[in-house]
Every structure is written in C-alpha cells, then in structure tokens.
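In order, the protein sequence lines correspond to chains A and B.
Read in order, the letters of the first sequence are residues 4 to 233 in our numbering.
Read in order, the letters of the second sequence are residues 4 to 233 in our numbering.
Worksheet for the structure shown next.
Protein chains: 2
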Amino acid sequence: MAQLVAETIAGSLRERIERGDWGDGTRLPPERELAEAYGVARNTIRRALNLLGESTQITRVVGRGTFVEPTARGSLTDLSDVLARIAGSSPADMMEIRQLLEPTAAAFAATNASAAELLRVAEAHRLAEAATDLADFEHWDAEFHHRVFACSRNELLREIHNILRLVRNQVPWLEMKRRAFSEDRRRHYCQEHQALIDALGRRDPEGARSAMLAHLRSVESNLFERGPRD
Amino acid sequence: MAQLVAETIAGSLRERIERGDWGDGTRLPPERELAEAYGVARNTIRRALNLLGESTQITRVVGRGTFVEPTARGSLTDLSDVLARIAGSSPADMMEIRQLLEPTAAAFAATNASAAELLRVAEAHRLAEAATDLADFEHWDAEFHHRVFACSRNELLREIHNILRLVRNQVPWLEMKRRAFSEDRRRHYCQEHQALIDALGRRDPEGARSAMLAHLRSVESNLFERGPRD
DNA sequence: GTTTCCTGATCCAATCCTATACCAATTAAC
DNA sequence: GTTAATTGGTATAGGATTGGATCAGGAAAC
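Right, here's the structure in full:
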C-alpha cells in the first residue's frame, strides 16, 4: 500500500513513535539527520513529517526541533473509546441511524452515480439474489448497501457507513440476523432492492429515498419482531 | 466470439484485481510496463484500462499511477484506513452530513431530553455567548452542538458526532473557521442557538429540527462564502 | 473504399524525489 | 550582549516516472 517513499517513511516514523523510541514530549532527530539516516533528501523527510502530522500529534518549532506531543496518545485513546462505544451501541439505535442515513444516500446516488456505478450496484443485487447460503447472501446484501453509499458522492457519508458496517459484522449482530432470516424474507428483500435499483435507474431521488426507507423498515421489523418460525 | 485484444486484456486485469493480485488501494504497474508484459502497444493497454474503468473502480492519476479503488473489492477496509479517510474528507461533505444528522438529533432531543440535560445545553449556549475570544467561543459552540446530540438518546448518533467533532478540530478546519469568524456572525449564531433552545424547551421536534437546519445553513454559507471583511 | 483495431511514436502535464540555497527562530558559546 | 551553530520553513530548479492526447501507418473486415 505504500507507493510513496514519503508514505513509507511516515509509516516507519509513526511506528517508532508508537513503539516508544521517542517518548512523549521528546525531540525527534533533526530533519537533516533523518534525511541522511533514511538516505533521502530533506524534502522527502519533511513530506513524511507533514503526513505524520495529519494523523499523529507532533509539534515543530523553528530553531528547536520536532516534538512528540504529550497529548498524542490521549487523542488516540479518545478515538478508541469512541469506537468502543460505537461497537457496543444498541441495534435499535443502529436501525434508527440507518433510516436516517441510507435513504439520503440513495437519493444522492440517484442524482450522482455514473452508469458504471449503477451497474456495480445491480451486480451486488444480482449476486445477493443468486446466493445459496446465508453467509453469501449477507455478504452481497451488505455490499449492495455499501455500493449505494459509494456512489452517493459524499466520501464522509461512505466512510460513516463503513464504520456502521464494521459494527454489524460483530458477533451479536450476526446472531441476530441469523435468527431473523428466512428464505421468504430473502426474496422480499431482493424485491425491495430491485425497486431501489429501478428508482436509481430512473434517476429519481425521491423514489430511491422512499424505496430505501421502505426496505429498512421491513428489515427493522424483521429484526425486532418474533422469528419467522415461532 | 472474436474478442478484441483490448477486451481480453481488460478481462485479464479485472480477474487479477478480483483475485487480489493487486489489493485495495495499491498501484497497478505503469501502462508502459503492462504493455511490455502483455506484449502489446501502450495504446492497447490504455484502451483496456478504459474498458476496465467502466465496470471496475480504478483511479488514474497523472504522475502517480493507476490505483485500485478501496471499494472495488468486497473486503472490509481496516478501521484506521477508514478513519484516515474520514479525517481527509472535504468540508463540503462534512456540512452535508451535519445538515443530515444534526436537525434530526435536535428533533430527538426535543422529545427525549430531560430537563437537566436541557439546562446543560443552555449552559453551553450561555458560555458561548459570554466567550471573549475565538478559541473560547469555538469550544463552547462545539460543546453546545454536542450536548444536543448527547440528549438525543441515541448513543450511536452521539458517537458519530464525536468522530465528526474530532475532524473539525483538525488544523485545516480551525483555520477555515478562523477566517469565517466575525463578531457579527458570532452574535447571529447565538441568536440561532437561542431559537433552538426555545424549541427544545417547547418540546417541539419540528421546530427544533428547522431551527438547527437554519443554523447549519448559515454556518455553511459563512464557511464557504467570502470572508466577513472583503 | 471505408471503417475498425492495433502499432509505434511523439509530446504534454502532473507528480515525486533530489539538490541547493536562503530565511527565521532558537540555543549555546564567547 | 554578540556571535555562531543549529533547526524548521520556504522556494526554486531539474530529472525521472507516469497518465493523457494525438497522429501516421498497416492489417483485417465489411
């Protein structure tokens, strides 16, 4: 994944900081020294440090040097706290958020997607339809939803969905989905997906929005009501 | 079935991508290299890549290379990658998401908040009003918005906002907000905050929703239009 | 004859790395 | 206090790599 020399070096430096080679508040070697150590030009080191500064907290002071911020680990743990809480959030909250985000993503997609992207959405739908077991269906169903986000042309929206998707791949969720699954329901979902694809093909934002909303409501009621075989 | 050479090559490349020869986000060999490897002219490789681009997500950047889009394969991307992409997302995307999430959070808050929570929202508003410098105002403004999320009674929604808040605390955002700031605008924001608090106090979800939306629209136009002193 | 497809070649534009020089702020030596 | 060395910040130039675009020519299909 590291195509750029600067990216590689940034990764190496980050690792060394996190490993504790340079502790909180200590000074990193001067740029000129790092350049020689890594065998690259100083420009490249500066670029690596700029990249590093985007994610890790470092402070650079003219005449003094580059320092590891004491808060660097703090904000990281902040973030991991956030993620832990996200992972532990309730299915009801999740479905509420999905009903908030996904219809809008579908509406955006109807307006913004290229024909090629719509083909990719349709492809995921087709594979979900053709799936022979639950795991396969789950995979292509998730992929279908994600591809809608992918063509919404809002990168942030897409990445938020990535996070939600990670949560829904946790064990309790898989269990829950397994209990709510039936062949009937699968067919029903596929029909709803088809309706969404039709709306996207018509470039109809409001149609896509309501198709997605209807789909999520049926997912929700299946998830939270009694199983199909009581 | 006399396939074009370019089509055959496109198919071969597609297969290799899906098989994982080149993983998410990695760079494909340069066109000149592929041309030699397949024993064809570079034009033909370019044609194949154009065909490939119609069905698979690849990105081509002059001077850098051709890349497999992170979404091109089904694999779930690493969480740290997701966060890096979130941190790098555009302010326009951010404002779009805020206008999607925050009005709904406000509506939830109007229904769900306890009286004590509403007091905490009002407190943040009061401190933002009383702030004497930009940093202080920024802090309480952000806190105001976050406390609205905190009483929306949807933990997931609140944590998503936490992530967005972390992004908006990055350097480029701070710069942008500084440029868009003026005392006039601060007073205007505070009036809008007051309108929101009034709606929350009336337990009026739709009023809260529209008050928040109006506020975010004015934030957006201030952020993206010319500075206050042109 | 015309069209389509591939080849070969050339030039352009963007990006990355190198190399170098100079500036500005800080620190240490005197 | 003054000066010199150190260090990050900035700018410029050049070479190498890479995708973008175009043109001329040959071969095959119609």
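Where is the CB? At the ideal position from N, CA and C, for every residue including glycine.
Contacts with chain A (Cβ-Cβ distance below 8 Å) from the region 84 to 101 of chain B involve V85, L86, A87, R88, I89, A90, G91, S92, S93, D96, M97, E99, I100, listed in chain order.
A118 (chain A) is positioned such that its CB atom lies no closer than 8 Å to that of C193 (chain A). Setting aside the 5 residues that flank it on each side, V170 (chain B) is surrounded in the same chain by I89, A90, S92, M97, W176, each with a C-beta closer than 8 Å to its C-beta; the list follows chain order.
Rounded to whole angstroms, the separation of the alpha carbons of L203 (chain A) and H191 (chain B) is 40 Å. With respect to the 8 Å criterion, A211 (chain A) and A113 (chain A) are classified as neighbours on the basis of their beta carbons.
Counting along the chain, the unbroken beta strand (DSSP E) around G68 (chain B) starts and ends at 68 to 71.
Contact between the region 101 to 112 of chain B and the region 207 to 227 of chain B is present, with at least three C-beta pairs closer than 8 Å. R30 (chain B) has B:F70 as its beta-bridge partners, per DSSP. Sorting A:L54, A:A217, A:L199, A:A44 by C-alpha distance to the C-alpha of F152 (chain A) places A:L199 at the top. In the DSSP assignment, V170 (chain A) is bridged to no other residue. The beta carbons of H218 (chain A) and E195 (chain A) sit closer together than 8 Å. The three-state reading of DSSP puts V85 (chain A) in helix, counting H, G and I together. A residue is called buried once 16 or more other Cβ atoms fall within 10 Å of its Cβ, and E228 (chain B), having fewer, is exposed. In this chain, the beta strand (DSSP E) harbouring T62 (chain B) covers 61 to 64. Non-local beta-carbon contacts of I48 (chain B) in its own chain, meaning distances under 6 Å to residues more than five positions away in sequence, involve E34, L37, A38 in chain order. For A110 (chain A), the closest Cβ of chain B is not nearer than 8 Å. When DSSP states are grouped into helix, strand and coil, L7 (chain B) belongs to the coil group. Annotation: Cβ neighbours of R30 (chain B) in chain A (cutoff 7 Å, chain order): Q6.
Taken atom to atom, the span from the alpha-carbon of S224 (chain A) to that of S155 (chain A) is near 26 Å. Neighbours of L122 (chain A) in chain B, taken as residues at a C-beta separation under 9 Å, are given in chain order as E57, S58. Taking 8 Å as the threshold, the shortest C-beta distance from A119 (chain A) to chain B falls below it.
Closer than 8 Å to the CB of N165 (chain B) there is at least one CB belonging to chain A.
In chain order, H164, R168 place their CB closer than 7 Å to the CB of H149 (chain A), counting only its own chain and leaving out the 5 sequence neighbours on each side.
Our two residues, V124 (chain A) and M179 (chain B), have alpha carbons roughly 36 Å apart in a direct line. R101 (chain B): member of the alpha helix (DSSP H) spanning 94 to 115, first to last residue.
In the structure shown, the three-state DSSP call for T135 (chain B) is coil.
V71 (chain B) is positioned such that its CB atom lies closer than 8 Å to that of I20 (chain B). The beta-carbon distance between A51 (chain A) and A13 (chain A), rounded to whole angstroms, is 4 Å. This is short enough to meet the 8 Å contact definition. Under the DSSP assignment, R190 (chain B) falls in the alpha helix (DSSP H) whose first and last residues are 186 to 204.
For E57 (chain A), the enclosing alpha helix (DSSP H) covers residues 45 to 58.
Annotated as distal: A127 (chain B) and F111 (chain B), with beta-carbon spacing of 8 Å or more. The C-alpha of G56 (chain A) is placed about 30 Å away from the C-alpha of Q60 (chain B).
The Cβ of N157 (chain A) sits closer than 8 Å to at least one Cβ of chain B. For D144 (chain A), the three-state secondary structure derived from DSSP is helix. Linking D201 (chain B) to A138 (chain B) through their CA atoms gives a straight-line distance of about 26 Å.
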